[in-house]
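Q:
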Amino acid sequence: MARSIMEVAFLSAEKVEFDNVKLVKLFVGDEPDGKRDLGISILSMNVSEEALDEVWSACESLDVLEPIRVTTEIERGSKNAGKFIVLHVEPVKAAAAQVAKPTQQPTPTAKPAGTQPDQAKTN
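When you line the sequence shown up against this note's numbering, it's residues 569 to 691, in that order.
#1: Thinking V632 and V654 are a contact (beta carbons under 8 angstroms), I'd like their distance in whole angstroms, please.
#2: Taking the alpha carbon of S616 as the point to measure from, which residue in H656, E634 and D605 has its own alpha carbon closest?
#3: Can you name, in chain order, every residue of its own chain whose Cβ lies under 6 angstroms from the Cβ of K651, other than the five neighbours on each side?
#4: Which of helix, strand or coil does DSSP assign to K603?
#5: Could you confirm whether any beta carbon from chain D is found closer than 8 angstroms to the beta carbon of K593?
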């Protein structure tokens with residue numbers, strides 16, 4: 569199966585539990601194509617059984633329209649249409665903050681020009 573990562577706006581997550589069935593569905597918004605939808609293009613995706621709790625937990629702290637990064641697997645659906653199955657969700661700002669953190673290098677103390685090295689001063 570193919571994997572895909574997309575950045576979209578978070579709209580909602582929906583959890584349904586009945587009998588011994590547990591489902592989570594993710595609703596996201598993307599840029600409209602201007603032909604079939606205006607304002608925002610709404611996509612709904614099912615969440616993988618293995619990732620139900622992780623994705624639900626990640627969505628609890630999100631704000632509506634917050635940019636998120638969604639990792640999906642694409643399964644073959646009916647009539648050979650692709651069906652996105654959500655594997656992972658994270659806020660874009662959290663991922664960007666980790667990448668933007670520079671590692672600090674210790675800065676050596678500079679000596680004024682024309683001074684002798686420390687060993688030469690001990691004579």
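Cβ atoms here follow ideal geometry from the backbone N, Cα and C, with glycine treated the same way.
A: According to the structure shown:
#1: Not a contact, Cβ separation roughly 18 angstroms.
#2: H656
#3: E643 and G645
#4: coil
#5: The chain labelled as chain D is not found in the depicted structure, where only one protein chain is given.
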